[in-house]
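Taking it in order: structure first as structure tokens, then the write-up.
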Amino acid sequence: MKRILTSSVALAVLAAGPALAQRKATIENVPDIPYSSVPNLLKLPSGEYLGESVAVATNSKGHIFVYHRSANTRLFEFDQAGNFLKEIGSGYYGFEFAHSVRVDKDDNIWTVDEGTNMITKFSPDGKVLMVLGRRPPAVLGVQVAPAGPNVPAQKYILCRPTDVGWDPQGNIFVSDGYCNNRVVKYDKNGRFLAQSGSEKAGSALGEFNLPHGLQVDGQGNVWVADRSNFRYQVLDNNLKPIREITNLGVGWTVCISSGPHQYAFLSNSNPNGNLPGSWAITGEIYKTELDGTVLGKFGHPGKLAPGFQVVHMMDCRNPNEIITGEIESWRVQKLMLQPIAAKAKSEASAAR
Amino acid sequence: MSTMKRPIQVMQVLAVATVTLGIMAGVPAYAQKDVPEIRFDSIPNALQLPAGLYLGEVGGVATNSRGDIFVYTRTGHPTVTIGTARPFAHGGWRLLQFDRNGVFVREIGKNSYGFMFASQVRVDPNDNIWVVDQMTNMVIKFDPQGRVAMLLGRKAESVPVPARPPAAGDGSGQPTDLFDRPTDVAWDAAGDIFVADGLGNARIAKFDKDGKFVKSWGKKGTAPGEFANVRSIAVDAQGNVYAADGGNKRIQVFDNNGSFKTAFANVGNAQALCLTKGPNPVLYASNSNPPDDIDRDGEIYKMRLDGTMAGKFGRAGKLPKEFGTVNAIDCRIENTLYVGEIGNLRVQKLVLH
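Next comes the structure, spelled out in structure tokens:
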């Protein structure tokens, strides 16, 4: 009887682990970055709705792409002012369950779909240019969630991939994912070059436990949100680990801004499944230098804007205009960041 | 990838495997390294898709006598409907028609009961369009106007959830006119119908031109007349049947009644066949790379009907002039091919030089 009780407790703990992926950041004395949220950013046509807005990105013209989980997973394009322009990929074979959208330096649009295990490169006008991974053939029938250990990771088959990024040479990096636990490097033509991690979860440097987000900085270093290890890892261009960041909470998603001076934005998103008190210790986004120096933080959980309800992805092409996609509020927000010094100044003036 | 570039170990393994298969099949093994490379180009934008239309995995591509192009593609989402007595599956593929310039003309068979998982499309000498579906287990003949003209096989009423383990059938070749994951269809000069059946069964089924089941031959195995699977099929002017037995890395040749004649063991993982018409026919055969690897195989062979090689071209990859698991070849014009790819969700138009 006692043994049964013990194992029940163990199971409960295991089950709670992934669902309640929350951790209070241990870093202290981080200045707050003042910000405001642009009201009603996206104007949807009558009768259209966003679902879980897990993925958002902008192109060089400022157009906003939202890859979201509607009744079907869909990709919408909006102009810079948030006016709806068009839908891309309606009925496309590679869309089933959205996870990420990113735009490369040539304005190609890349979708990462964890339902089809496919990553698709669309041209700026929405034509399919290349695919990575393969959708499991439907002819094999309905597969229930697989039991037992993950099958060995393969070079060209992905397992619930989560994100994609590129180095300045155009090499492709993929975080893969919920059932593999690895980062894969392909050349610009989609040929496998290297991987870090494997199908197995691990906690050593160079191992991953749910690599949930990925971006590459201008030096070609690869930033990985190693979510269930509650950290970020920075890898060099050949996927050798350089360092880890363990004091910023959960490690949900990462964004690297463009331009000559790049910043990293790292989100300690509040979990899917909150305890009383969860909102008090999670939900903030950190702004850092590429060397890891933390410059400031902004944001907090909340059902109402400008609160966040599980930030799943950020666009930070302009480091002072952060666009967030949220899971549970089916919402995209644009946050206008203000200089920290100005806030301090205004507080000082208010105090006087 | 040419054999010259393969690592030595792989070459040796391949050589051993080829020799072994050659001995097993009782036919000579041709040395692949002696096959000349055929120069070729890929014509860009062979198909112009209207906005909002996307190809999925291309199961089949074929042309009719006017040069119209038919593409049978795994797009959309096969849907399982729940909340009823049994789970039912619907949809999932589309049959698209383009004109000879690649301009989209129309969709045929939209929302058909027989459309779930594209396997192949072929056009017969009378411009009827035949599609083979390996999930509904049906072969559907559309007349040139797109009306259903004849049906072979029957879709299962419901789908098992969870899926049955793969290879639930033993592939022994069922004795009936129902199919298990058929892959291809071809006709002889008399109009008799030959169905490659396929990935579940491992047999070839013969019907007369009116669809009356005549006979079938083959079962799982490696001996002559047995198949690992039957992935593609072609029939020549004399009525001989060429069957791509990819899992056994060979093409088997039978007479019109299914008697084994010979086998070609120099073609790799034969997945897609196309046989030209006219006085000097040639057979194209794709050594298709597996969907999970683009670093091997992928070349297409051009051969004479005695199995000797005229040349080869292409390799696996994602760029133009590279192939991602070729599943279909159209060769109505001998040196102007349409190639359908599973891995790259596209059709390429190739011109051989």
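In order, the protein sequences belong to chains F and Z.
For the first sequence, my numbering gives the first residue as 1, with consecutive numbering after it.
For the second sequence, my numbering gives the first residue as 1001, with consecutive numbering after it.
Note that CB positions come from ideal geometry on N, CA and C, so glycine has one too.
A straight-line Cα-Cα distance of about 5 angstroms links V54 (chain F) and H312 (chain F).
In the assembly as shown, Q309 (chain F) is a buried residue. Its beta-carbon has 16 or more other beta-carbons within 10 Å. Contact between the region 1134-1144 of chain Z and the region 1177-1186 of chain Z is present: three or more C-beta pairs spanning the two stretches fall below 8 angstroms. Taken through DSSP and simplified to helix, strand or coil, A138 (chain F) comes out as helix.
In this structure, the beta-carbon distance from A1228 (chain Z) to G1246 (chain Z) falls below 9 angstroms.
For A1186 (chain Z), the uninterrupted beta strand (DSSP E) run begins and ends at P1182 to W1187, by DSSP. Distance between L50 (chain F) and N72 (chain F), taken at the CA atoms: about 11 angstroms. Cβ atoms of S196 (chain F) and L235 (chain F) come within 8 angstroms of each other, at about 6 angstroms. The alpha helix (DSSP H) runs of length 4 or more contained entirely in the region 237-293 of chain F are, from start to end of the chain, 278-281.
Contact with chain Z is found for V139 (chain F), since one of that chain's Cβ atoms lies less than 9 angstroms from the residue's Cβ.
For V128 (chain F), the neighbours in chain Z by C-beta distance under 7 angstroms run, in chain order, Y1054 and L1345.
Interface residue (Cβ-Cβ distance to chain Z less than 9 angstroms): E48 (chain F) is not classified as such.
For a Cβ distance threshold of 8 angstroms, nothing in chain Z lies close to G148 (chain F): the least Cβ distance comes to about 14 angstroms.
The residue among F:L132, F:V103 and F:S269 with its C-alpha nearest the C-alpha of Q22 (chain F) is F:S269.
When C-beta distances to chain F are compared with 7 angstroms, every residue of the region 1207-1236 of chain Z stays at or above that value.
Between A1186 (chain Z) and A1244 (chain Z), the beta carbon gap of about 11 angstroms keeps them out of contact (Cβ cut-off 8 angstroms).
If you look at T1079 (chain Z), you'll find it in the beta strand (DSSP E) that goes T1079 to T1081. Chain order gives the chain Z residues near R191 (chain F) as I1294, D1295, G1317 and K1318, where near means a beta carbon separation below 9 angstroms. In the displayed model, G1060 (chain Z) falls within a strand according to three-state DSSP. For K1318 (chain Z), the CB contacts under 8 angstroms within the same chain, skipping 5 residues up- and downstream, are I1294, G1324, G1343 and N1344 in chain order. In the structure shown, D1297 (chain Z) falls within a coil segment according to DSSP collapsed to helix, strand and coil. Counted as a single uninterrupted DSSP element, the stretch harbouring P168 (chain F) is not any beta strand (DSSP E), since DSSP gives it neither H nor E.
Among the residues of the region 44-77 of chain F, those with a Cβ less than 9 angstroms away from any Cβ of chain Z are N72, in the order of the chain. With contacts defined as CB atoms closer than 9 angstroms, A1118 (chain Z) and Q1348 (chain Z) fail to qualify as a contacting pair.
Per DSSP, the continuous beta strand (DSSP E) segment holding A1310 (chain Z) begins and ends at M1309 to F1313. Around the C-beta of K1321 (chain Z), fewer than 16 other C-beta atoms lie within 10 Å, and the residue is accordingly described as exposed. Restricting attention to F:E207, F:L42 and F:G170, the CA atom closest to the CA of D176 (chain F) is found in F:E207.
Distance between A194 (chain F) and D187 (chain F), taken at the CA atoms: about 10 angstroms.
A straight-line Cα-Cα distance of about 30 angstroms links N1248 (chain Z) and G1211 (chain Z). For V183 (chain F), the enclosing beta strand (DSSP E) stretches over residues N181 to Y186.
Listed along the chain, the chain Z residues whose CB falls inside 7 angstroms of the CB of I157 (chain F) are D1292.
If you check the CB distance, A57 (chain F) and I119 (chain F) do not come in under 9 angstroms. With a cut-off of 8 angstroms on Cβ pairs, the region 25-42 of chain F is in contact with the region 326-333 of chain F, counting three or more such pairs.
Using a CB distance cut-off of 9 angstroms, V1159 (chain Z) counts as an interface residue toward chain F. The C-beta of V1105 (chain Z) has fewer than 16 other C-beta atoms within 10 Å across all chains shown, which makes the residue exposed. The three-state reading of DSSP puts G213 (chain F) in strand, counting E and B together.
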